[in-house]
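Letter by letter, the sequence shown follows residues 1 to 344 in UniProt numbering. Beta carbons: idealized from backbone N, C-alpha and C, even for Gly. This report refers to the structure that appears directly beneath it.
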Amino acid sequence: MSGCRGLGHVWGGWRRGPGVRAAPEAAGFGTEAGHQLRRRGSRKRSGPLGDQPFPGLLQLENLSREGLVDVLRAAVVDQKGPLVTLNKPPGLPVTGKPGELTLFSVLPELSQSLGLRDRELQVVQASGKETSGLVLLSSCPQTASRLQKFFIHSRRAQRPTATYCAVTDGIPASSEGNIQVALKLEHIDGIDLVIPVKSPSRKDLQEGVKRTLSHFHVVARGSGCALVQLQPLTVFPSQLQVHLVLQLCPVLGDHTYSARVGTVLGQRFLLPAESTKPQRQVLDEALLRRLHLTPAQAAQLPLHLHLHCLHLPGMRPREAPMKLLAPLPPYFSRTLQCLGLHQQ
């Protein structure tokens, strides 16, 4: 199954596929956007790898609408015709309640800031709030519709279009494979949680249970952790996080589902999903030392899940397919450095 190999060559920047032009200062987190994210509401902490354990995080509570538009404009990876691609910081929700500061809420201002005038942007492809990485926007409704149909047809044909990077607490037993499980969404104690379903019946599948599938490839391993590429072939909330928990290797910074993995005498096992409440991820002392974090800092560890690569069709007939790539956030790169995780 194809993916975006050669991650070591693009962590510090981004690379063009055929038909894609680079935008000036395209990396987003490595340019003025990164400086804005670090300046707003950041408190310095001393450490061997810099002043902050999680550089480049978005302090959304300290941003105005105008400030968020500035950050998003600086995070533009590419602008080609009606398509605009962003490298979304973690912690920014795509949608939300009326009055909340979200990506969707500032699209009119972002459209104006990018010189699109009355052509307002709409979201074509985006990941969840805590996930960083590529967001695909379009100022043309016809283009957006065509791309959404492309994604639907690709899923039906089980052709991957997106590749994520993740750092896991634990190492998958196999270096590569598929994760298949039925999932459902349940409202438990006031929050929506994803629950695995064993042997779903036809009635289950008619009432919201969905069969899900992801492909994974271990890129590097060390210090009890792994750098993993993930290609979801279905779409379901928190799919990749739950799939990795089922491999007993939760994503680093997963403060929702990692509690489902228990440990006795060094052996990991799954706890019942229905009765295991979300809690801050607990890391062992050896891993905390490698990450140069205190337990209090680890409780604020951001989710290490990044939408790194998107494959798109050419915008015109006979035009070559496009590959869009987004660099990793600074805190993600810092973690890889601390753990010695490099492509092998």
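- Distance from residue 228 to residue 217 at the Cβ level is roughly 7 Å; contact confirmed, criterion being Cβ atoms closer than 8 Å.
- Inter-segment contact for the stretch 101-121 and the stretch 324-337 is absent: fewer than three beta-carbon pairs are separated by less than 8 Å.
- DSSP places residue 159 outside both helix and strand once states are collapsed to three, so it counts as coil.
- Residue burial annotation: residue 171 is buried, with at least 16 other C-beta atoms found within 10 angstroms of its C-beta.
- Following the DSSP letters along the chain, one finds residue 219 inside the beta strand (DSSP E) bounded by residues 210-222.
- Around the Cβ of residue 98, a 10 Å sphere holds fewer than 16 other Cβ atoms; the residue is exposed.
- In this structure, residue 259 sits near residue 279, with a CB-CB distance shorter than 7 Å.
- For residue 340, same chain residues with a beta-carbon under 8 Å away, outside a window of 5 residues either side, are 222, 223 in chain order.
- Nearest Cα to residue 306 within the set 316, 251, 317: 251.
- Judged by DSSP secondary structure, residue 231 falls within the beta strand (DSSP E) whose first and last residues are 225-232.
- In the DSSP secondary-structure assignment, residue 269 is bridged to 262.
- The DSSP assignment places 65-74, 107-113 as complete runs of the alpha helix (DSSP H) inside the stretch 61-131, in order along the chain (cut-off: 4 residues).
- Counting only the Cα atoms, residue 281 lies some 26 Å from residue 177.
- Counting only unbroken stretches of 3 or more residues, the beta strand (DSSP E) elements lying wholly within the stretch 292-319 are 305-312, in sequence order.
- Rounded to whole angstroms, the gap between the alpha carbons of residue 136 and residue 72 is 12 Å.
- Distance between residue 84 and residue 275, taken at the CA atoms: about 42 Å.
- In this structure, DSSP gives residue 257 a state outside helix and strand, which the three-state scheme calls coil.
- Here residue 281 carries a coil assignment [DSSP, helix/strand/coil].
- In the three-state DSSP reduction, residue 187 falls in the strand class (E or B).
- For residue 246, the closest alpha carbon among the candidates 257, 128, 69 is that of 257.
- The residue from 206, 169, 214 with its alpha-carbon nearest to that of residue 179 is 214.
- If you draw a straight line from the Cα of residue 212 to the Cα of residue 152, it comes to about 14 Å.
- For residue 336, the enclosing alpha helix (DSSP H) covers residues 330-339.
- Residue pairing for residue 138: DSSP places it in a beta bridge opposite 83, 122.
- Judged by DSSP secondary structure, residue 203 falls within the alpha helix (DSSP H) whose first and last residues are 202-206.
- In the structure shown, residue 193 falls within a strand segment according to DSSP collapsed to helix, strand and coil.
- DSSP lists 226, 251 as the beta-bridge partner residues of residue 168.
- For residue 166, the closest alpha carbon among the candidates 202, 240, 310 is that of 240.
- The alpha carbon of residue 220 has as its nearest neighbour, out of 102, 54, 93, 336, the alpha carbon of 336.
- Counting only the Cα atoms, residue 187 lies some 32 Å from residue 328.
- In the three-state DSSP reduction, residue 235 falls in the coil class, being neither helix nor strand.
- Counted as a single uninterrupted DSSP element, the beta strand (DSSP E) harbouring residue 323 occupies residues 322-325.
- Of 70, 174, 283, 263, the smallest CA-CA separation from residue 107 is found for 70.
- For residue 127, the CB contacts under 7 Å within the same chain, skipping 5 residues up- and downstream, are 133, 307 in chain order.
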